Amino acid sequence: MARVTGTTTGLPVVLEDRGLRVAAKGRAGEVADLRAVAVRVSYDALEVTVPQPPAPRGVYRLRIPGTVTAEAFNVTLTAEIVDPSAPVPSRSVDAHEVDLDAASVGRELQIRAWRPGDRMIPLGMRGKKKVQDLFVDDKVPRWDRHRIPVVTDARGQILWIVGRRISEVARITDRTQRVVRLRARNTSNAAVVGLA
């Protein structure tokens, strides 16, 4: 505990018991917030850490072309218009840079945290799927989900879960005339879920 909290002061017995019960259950997503520390069970580990800050509440607006720093996510997003016939810069597959059909995107994007009930049509699928289910499929721990930026169009339709999923709605097709290239870059030493 001293490594996590910086103190050798112990937890009250009641809080220790809560943490041990969560650990014993071993179900992914279980959390016990014990004031100074949190005991969390992820898909493949038991973690003792400092409690997470609350989920970001605001919405950041990104004009195309343009740049916005979403401080709550420790990320800067850049949008630029590129010609679909222009060669894609040589790079390995990068989940932090995506190309979207400009006609589907509009002139302004919004960046926010996911919300319960959010849905999107993932690339390659026909029907909508809950964002929460996508996080479960990707084994994103419940406590990290609010730290992943979601990019929507001006109407709120999800186009990109940064570092995770692109929407079928904004995919590049043979009819695409203009492309919006989005880049996400970590702006601090703090970990950004999905950004390396």
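For the sequence shown, our numbering begins at 26 and goes up steadily by one.
Glycine residues also receive a C-beta, built at the ideal position from the N, C-alpha and C atoms.
Predicted, not measured: the structure shown is a model, and the values here were computed from it.
Cβ neighbour criterion (16 or more within 10 Å) applied to Pro174
Numbered from 1 along the sequence shown, position 149 holds the residue referred to as residue 174. The C-beta of Pro174 has 16 or more other C-beta atoms within 10 Å across all chains shown, which makes the residue buried.
Verify whether the separation of the beta carbon atoms of Ala179 and Gly131 is less than 8 Å.
Locating residue 179 in the sequence shown gives position 154, where the first residue counts as 1. Locating residue 131 in the sequence shown gives position 106, where the first residue counts as 1. Yes, Cβ-Cβ distance for Ala179 and Gly131 is below 8 Å.
Could you tell me the alpha carbon to alpha carbon distance between Arg151 and Ala80, rounded to whole angstroms?
As a working mapping, residue 151 is identified with position 126 in the sequence shown. As a working mapping, residue 80 is identified with position 55 in the sequence shown. If you take the alpha carbons of Arg151 and Ala80, they lie about 30 Å apart.
Is it true that the CB of Ile197 sits closer than 8 Å to the CB of Val187?
In the sequence shown, the residue the question calls residue 187 occupies position 162. In the sequence shown, the residue the question calls residue 197 occupies position 172. Result no, Cβ atoms of Val187 and Ile197 do not sit closer than 8 Å.
For Arg140, three-class secondary structure by DSSP
Within the sequence shown, the letter at position 115 stands for residue 140. Correct three-state label for Arg140: coil.
Determine the burial state of Ala209: buried for a count of at least 16 other Cβ atoms within 10 Å of its Cβ, exposed for fewer.
As a position in the sequence shown, residue 209 is number 184, starting the count at 1. Buried: at least 16 other Cβ atoms inside 10 Å.
Do Glu105 and Arg206 come within 8 Å of each other at the CB atom, strictly closer than that value?
Stepping through the sequence shown from its first residue, residue 206 is reached at position 181. Stepping through the sequence shown from its first residue, residue 105 is reached at position 80. Yes, Cβ-Cβ distance for Arg206 and Glu105 is below 8 Å.
From Thr92 to Ala195, what does the alpha carbon distance come to, in whole angstroms?
The residue labelled residue 92 in the question sits at position 67 within the sequence shown. The residue labelled residue 195 in the question sits at position 170 within the sequence shown. Straight-line Cα distance between these residues: approximately 20 Å.
Have a look at Asp143 and Ala111 and give me their C-alpha separation to the nearest angstrom.
Counted from its first residue, the sequence shown places residue 143 at position 118. Counted from its first residue, the sequence shown places residue 111 at position 86. For Asp143 and Ala111, the distance between alpha carbons rounds to 34 Å.
Out of curiosity, what's the CA-to-CA distance linking Val90 and Ala127?
Locating residue 90 in the sequence shown gives position 65, where the first residue counts as 1. Locating residue 127 in the sequence shown gives position 102, where the first residue counts as 1. The displayed chain sequence assigns Pro, not Val, to residue 90. Take the alpha-carbon of Pro90 and the one of Ala127: they are about 11 Å apart.
Option nearest Tyr85 by Cα separation, candidates His171, Ala97 and Pro147
In the sequence shown, counting from the first residue as 1, residue 85 sits at position 60. For Tyr85, the nearest C-alpha among the options comes from Ala97.
Cβ-based neighbour list, Arg137, same chain, cut-off 8 Å, excluding 5 preceding and 5 following
By 1-based counting over the sequence shown, the position of residue 137 is 112. Here the set comprises Pro81, Gly83, Val84, Tyr85, Pro174, Val175 and Thr177.
Measure the CB-CB distance between Ile191 and Leu159 and report whether it falls below 8 Å.
Taking the first residue of the sequence shown as position 1, residue 191 is located at position 166. Taking the first residue of the sequence shown as position 1, residue 159 is located at position 134. Not closer than 8 Å, so no.
When we look at the beta-carbon of Arg116 and count the other beta-carbons within 10 Å, is it buried (16 or more) or exposed?
Locating residue 116 in the sequence shown gives position 91, where the first residue counts as 1. Any reading at Arg116 must be qualified, since the residue scores a pLDDT of 44, below 50, and its modelled position is unreliable; no value is offered.
Do Val161 and Ile183 have their C-beta atoms closer together than 8 Å?
Numbered from its first residue, the sequence shown carries residue 161 at position 136. Numbered from its first residue, the sequence shown carries residue 183 at position 158. With respect to Ile183, Val161 sits apart: the two C-beta atoms are not nearer than 8 Å.
Using alpha carbons as the reference points, say which of Asp124, Pro166, Arg189 and His171 lies closest to Asn99.
As a first step, residue 99 is located in the sequence shown; it is residue number 74 there, counting from the start. The option with the nearest alpha carbon to Asn99 is His171.
Coil, strand or helix - Gln4 by DSSP:
Residue numbering for the chain in the displayed model covers 26 to 221; residue 4 lies beyond these limits and cannot be assessed.
Let me make sure I understand the geometry here. Which of Arg200, Arg167 and Gly181 has the alpha-carbon closest to that of Asp108?
In the sequence shown, counting from the first residue as 1, residue 108 sits at position 83. Minimum Cα distance to Asp108 is reached at Arg200.
Gly142 CB to nearest heavy atom of the ligand FAD below 7 Å
Judged by which ligands are present, the structure shown has none, so any question about the ligand FAD falls away.
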